[in-house]
Amino acid sequence: MTERHGHDHSSSSDYDKKIDDIFDLNLIQPILKYYSIKDNKLHDNIYNEKYLIRPLSISDYDHGFIDLLCQLTECGQITYDEFKQRFYQMKQCLNTYYILIIEDINLNKQIIGTATLVCEKKFIRQLGIRGRIEDVVVDNRYRGQQLGKLLIDLLTKFAHEKCHCYKISLECKDDLVSFYKQFGYDHEDKQNYLCQRFPKLSKKN
Ligand code: 16G
Numbered sequence: 011m012t013e014r015h016g017h018d019h020s021s022s023s024d025y026d027k028k029i030d031d032i033f034d035l036n037l038i039q040p041i042l043k044y045y046s047i048k049d050n051k052l053h054d055n056i057y058n059e060k061y062l063i064r065p066l067s068i069s070d071y072d073h074g075f076i077d078l079l080c081q082l083t084e085c086g087q088i089t090y091d092e093f094k095q096r097f098y099q100m101k102q103c104l105n106t107y108y109i110l111i112i113e114d115i116n117l118n119k120q121i122i123g124t125a126t127l128v129c130e131k132k133f134i135r136q137l138g139i140r141g142r143i144e145d146v147v148v149d150n151r152y153r154g155q156q157l158g159k160l161l162i163d164l165l166t167k168f169a170h171e172k173c174h175c176y177k178i179s180l181e182c183k184d185d186l187v188s189f190y191k192q193f194g195y196d197h198e199d200k201q202n203y204l205c206q207r208f209p210k211l212s213k214k215n
């Protein structure tokens with residue numbers, strides 16, 4: 011854990027430390043069960059006897075969750091209170107944010123992998139749900155153990171079978187296209203991904 015996110019400040023109170031997950035683990039249990047039939051390294055929600063797969067919890071701020079995200083992109087400085095506020099904003103959006111994490115059981119509950127499924131509600135497609143895979147990152151010290159594959163496989167199946175998404179998409183760098191293709195993601199004919207980046211505005215605006 012870097013100093014920036016280390017705990018010099020008052021962090022999670024005892025109240026917060028009671029289990030508070032971003033979504034209910036039971037929702038994804040059937041998918042974990044199915045996965046454990048094809049990959050015998052998975053037992054319940056433990057992978058290779060070393061890693062716990064579970065929803066993000068409020069206490070994960072103390073276990074390197076933000077530091078892990080910093081391996082993907084800029085995160086800025088996020089205090090525990092800011093983290094907590096965003097966590098509950100997400101949690102209040104029912105059936106929308108499914109943030110899965112991988113914890114190293116032997117390393118003081120360190121968070122070493124994460125991926126998010128966001129389910130966007132639509133009017134189109136008979137009140138369809140569109141899934142997006144976001145913020146996939148495996149700690150660079152833990153790569154090559156199929157942990158990213160595990161997260162993507164689980165969330166993709168969950169999006170289809172439990173959230174009933176009519177489609178799911180993601181954005182990634184060129185060198186990751188072949189990685190995501192193995193899970194059924196591909197470029198769509200005559201479709202483009204367009205993006206506009208905004209300069210940062212001051213909070214007064
Ligand atoms: C990647 C991520 C996306 C993330 C973005 C951050 C996946 C599949 N894609 O595109 O979810 O939000 O990087 O980069 O994980 P940015 O800070 O430049 O938007």
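Just so you know, we're using our numbering here: the sequence shown kicks off at 11 and counts up by one. Glycine included, C-beta positions come from ideal geometry on N, C-alpha and C.
Contact test: residue i Cβ vs the ligand 16G heavy atom, cutoff 6 Å
i	result
isoleucine 121	no
threonine 83	yes
aspartate 145	yes
leucine 37	no
cysteine 182	yes
Length of the line joining the Cα atoms of residue i and residue j
i	j	result
threonine 124	isoleucine 47	22 Å
isoleucine 112	glutamine 120	8 Å
leucine 204	aspartate 77	29 Å
lysine 94	isoleucine 68	7 Å
serine 179	lysine 132	15 Å
aspartate 31	leucine 117	20 Å
glutamate 59	leucine 157	13 Å
proline 40	lysine 172	9 Å
isoleucine 162	glutamine 99	24 Å
threonine 166	phenylalanine 193	8 Å
Endpoints, the alpha helix (DSSP H) within which residue i is located
i	result
glycine 86	Element bounds for glycine 86: n/a, residue is neither H nor E.
glutamate 171	157-171
aspartate 77	75-79
Element boundaries [beta strand (DSSP E), containing residue i]
i	result
lysine 200	Unbroken run through lysine 200: none, as it is neither H nor E.
query = How do the stretch 166-182 and the stretch 133-152 stand: do at least 3 beta-carbon pairs fall below 8 Å, yes or no?
reply = Touching, yes.
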